[in-house]
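Residue numbers (the working numbering): 157 to 873. Note that CB positions come from ideal geometry on N, CA and C, so glycine has one too. Please read all numbers here as calculations on a predicted model, not as lab measurements. Working notes for the structure below.
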Amino acid sequence: MNDNTAVIRMKRDFDKFISGQSGRLDLSQSVGSDDSSFMNITSGTALSVKSMLEKEKDSMLKDAELSAARGTIAKLEAEISTLKTSNKRARIEFEKDLGCFKDGKDRESDKIKELKSQIQFLSSREKYAREELEEYKKIKDNSRSDYETKIMELKKGNMKLQDEVQKTRQTLSEKTTEFRSELLKSQSSLQRNINDLEESQTQLKLQQRRVSELTTEISELEEHRTRANLLEQQLKELDTKCTRMEEDTIVTKAMKTQLTLFPDIEKEVKKLREQNAQLREIQENNMLLKEKAESLERKLERAEKIYTDAAHLDTENLALKSKLQKWEQVEKDGKSPSQLAKRLTCLQESEAVMLERQGQLQSRIHSLEEHLNSSQQKLEKSITELQKEKSKVEQNADLIKRLQRKLLFVTKERDGFKNILDSYESEMTVNVAKHATSRIQHLEDTIDNYRKQVDQLEGDLQKAYSQNGAQRMDNPQIYVPVVPAQSEVDKKTILKLRERISVLEKEIEKSEEQRYILETRIEQRHLQGDYDPTKTKVIHFEMNPVAMAAKQRAAELQRLREENETLKERIRVLEESGGQAMDVTEQVQKRLQEPSSSKEVDEMKAQLTKEELKNKRLMEAFSKKSQEFREVCYQLTGYKIDFHYTNQYKVTSMYAESRDDFFVFQQGEKNDMQLLSTDFTENLEETIDLYLSKHKSIPAFLSSVTLDLFKTQTFKV
């Protein structure tokens, strides 16, 4: 469309030129020229104009291609810079991860060596312990044989010990008599304790009766309180009625009769207050009685303990008697039974020590096996991390390949531009206008700048190759061969590379979307807990026992806090009044109903912090979205809208020639937009009259301005 408009204008200029030449030639013909000379002149001028038009058309096409190439080169430079930064970040992260992995691997190897040494030490200790066990078993077998022989000797010497047994019987009989006397004493003490218990039980029953009476009195007191409250409510109603019915003289007599009852009510209130004081005294007495009941219960528990101890003593006495009978039945010779018992206890202790050692060794073996399993799991984890690192290295290699391909594309485009410039210079003639020569010089300067930029990019890529070569020397897995730059210009490869660039741009957009999703997920994890919502889903039951328990716990805590606050307020009231306050509960309730400033301030601060966080996040999201929306509107409509002053908006076009070329619209009281005069609007009086004053259409006016600016820019190019 750009070339068509330019050609149409050129044709119009050509027609005007021909018409002017024809008029001039007619005048000259009247002087005395021939028709043949006129035809020759017109044909020559037409041919020169056509050649000029074709050359200008070619120059415009080349300029358009150059502008497109500039855009692609700028995009490629931005992509190369982003890829460089990403490559540097990936390389730094890879080096950090490699260092951490090497350190972890060294630590794990040291741990494995230590574990192996510990296992060898434990295996040697286990062998030594087994040898010791075998030796102890042999010693035990020998000791058994020795004990059997000794038992036989003891049986033979049992006859000799009968006299000693008789003596022991006499001593035991004396001891049994002593035990019986002690038992009689304990039984008498038990009977006394039982009598005390019975007395305490009777006292408890009396106390329980008193408590029941007190509860009935307390219930009556509560009824009296309710009555008093009702009476107070009635009094309030009477007061309201008095205030309302003072104006009416007829109802005053009835109110007087009701007011006569007021002193009786006051007397009842005084009585209720006295009863309340009595009930408080009764409550204090009840507390004292409860303390006495608790002390009696403690005494009962002690007596029960004594009774159980006596029963245990009886059982122990019977067990000792049975043991004595068994010892009397056994025939003994040689050593005394105390020495034999000592020897048996020593053997049992040695056997228990051996069993403990065996258990310790088994527990150590189990712990070592668990440690080995954990070390194997760590090794597996390290292997998986190695595989991940290898995949990262492969990704970096793919990135390097992409950069090489982009460099090839840039070099090919550079060679193509060189060829285009050479052909353009060869086609240019000497009779070209000064404007075309200046334009060519400007284009040559821009091409030189592009060449410098390409050289810089090649240098950066060579630096990247050298850095990757150093990484390759450190890690032989990261090896990517450098593709040689092709010098031949091929249109098919250029098209393929352009398609590849579009695919890469789409991939970049996808990666940006994924990054945004990951950032939102990270924020969600910080706010709601550490879990992946794509893989895990949290489900809560309606009647969740944990939630119910938490609610009950919170309710109990709230109730206890309220009770604590009421008690604190009660203590404050009593301290302020010196223990002589009337209606303490009412004063406490009034104070509790009054709002506490510190709690409200803390709650308001917490709410403010939450709201500030919400507002920050909303503002960040709103600014990001508004920026994206403004950019999209700028790309679609071609106009950038900014706030100029209050109710004034600055509108600048995409195709504006300078920064001063902008419109200013003002919003009126009826939400109608009005164009204000600027330096730029003075040159657009015809379009303003046509679209704004006549048709009253701002969109049509703006679209016509964009078309005019676009045409002027394309014509200049």
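Burial state of residue i, where buried means 16 or more other Cβ atoms lie within 10 Å
i, result
"TYR801", "exposed"
"LEU222", "buried"
"TYR284", "exposed"
"ASP630", "Caution is warranted here: a pLDDT of 48 is assigned to ASP630, below 50, making its placement in the model unreliable, and the coordinate value is therefore given only provisionally. So ASP630 ends up on the exposed side."
"ILE727", "exposed"
"LYS218", "buried"
"GLY794", "buried"
"ILE350", "exposed"
"VAL702", "exposed"
"VAL659", "exposed"
"THR585", "For THR585, the predicted structure reports a pLDDT of 40, less than 50, and the residue's modelled location is therefore unreliable. A value from the coordinates is still provided. Exposed, by the Cβ-count rule."
"PHE857", "buried"
"LEU474", "exposed"
"LEU559", "buried"
"SER215", "buried"
"ILE556", "buried"
Straight-line gap, residue i to residue j (C-alpha atoms, nearest Å)
i, j, result
"LEU444", "GLN359", "14 Å"
"CYS789", "GLU759", "44 Å"
"LYS357", "ARG348", "Residue identity differs from the one stated: residue 357 is Gln in this sequence, not Lys. Cα-Cα distance, rounded: 14 Å."
"THR471", "LEU435", "53 Å"
"GLU111", "LYS423", "The requested residue 111 is not part of the displayed model; the chain covers only 157 to 873."
"GLU376", "LYS392", "24 Å"
"LYS544", "GLN551", "11 Å"
"GLU334", "ASN442", "48 Å"
"SER519", "MET704", "42 Å"
"THR101", "GLN791", "Residue 101 lies beyond the residue range present for the chain, which begins at 157 and ends at 873; the question has no answer from this structure."
"ARG226", "ASN771", "42 Å"
"ARG717", "GLU767", "28 Å"
"THR501", "ARG454", "41 Å"
"TYR153", "MET308", "This structure gives no information on residue 153, because the portion of the chain shown stretches from 157 to 873."
"PHE697", "GLU669", "34 Å"
"LYS850", "ASP171", "33 Å"
"ASP554", "THR241", "15 Å"
"GLN276", "LYS546", "35 Å"
"GLU742", "ALA384", "14 Å"
"GLU440", "LYS341", "41 Å"
"TYR805", "GLU665", "32 Å"
"LYS231", "ALA246", "22 Å"
"ALA433", "LEU452", "29 Å"
"ASN243", "ALA224", "28 Å"
"THR228", "LEU564", "14 Å"
"HIS437", "GLU447", "Strictly speaking, residue 437 in this sequence is Glu, with His absent from that position. Cα-Cα distance, rounded: 15 Å."
"GLU450", "GLU457", "11 Å"
"SER421", "GLU719", "The residue you asked about is not Ser; residue 421 is Ile in the sequence shown. Whole-angstrom Cα-Cα distance: 33 Å."
"SER301", "LEU503", "14 Å"
"GLU813", "VAL861", "12 Å"
CB contact flag (residue i, residue j, <8 Å)
i, j, result
"GLU712", "LEU748", "no"
"SER531", "LEU271", "yes"
"SER538", "GLY260", "yes"
"ILE854", "MET829", "yes"
"PHE819", "THR834", "yes"
"LEU831", "LEU848", "yes"
"TRP846", "SER809", "Here residue 846 is Leu; the residue named in the question, Trp, does not match the sequence. Result no, Cβ atoms of LEU846 and SER809 do not sit closer than 8 Å."
"PHE257", "GLU536", "no"
"LYS548", "PHE250", "yes"
"GLU233", "LYS534", "no"
"LEU428", "HIS468", "no"
"GLU282", "LEU476", "no"
Per DSSP, cross-strand counterpart(s) of residue i
i, result
"ASP798", "LYS806"
"GLN822", "GLN804, GLN830"
Closer than 8 Å is the cut-off here; do at least three beta carbon pairs connect the segment 278-293 with the segment 509-524? yes
Do three or more CB pairs link the segment 226-239 to the segment 523-540 at distances below 8 Å? no
How do the segment 372-392 and the segment 456-475 stand: do at least 3 beta-carbon pairs fall below 8 Å, yes or no?
no
Three Cβ pairs or more, each shorter than 8 Å: is that satisfied between the segment 840-847 and the segment 773-790? no
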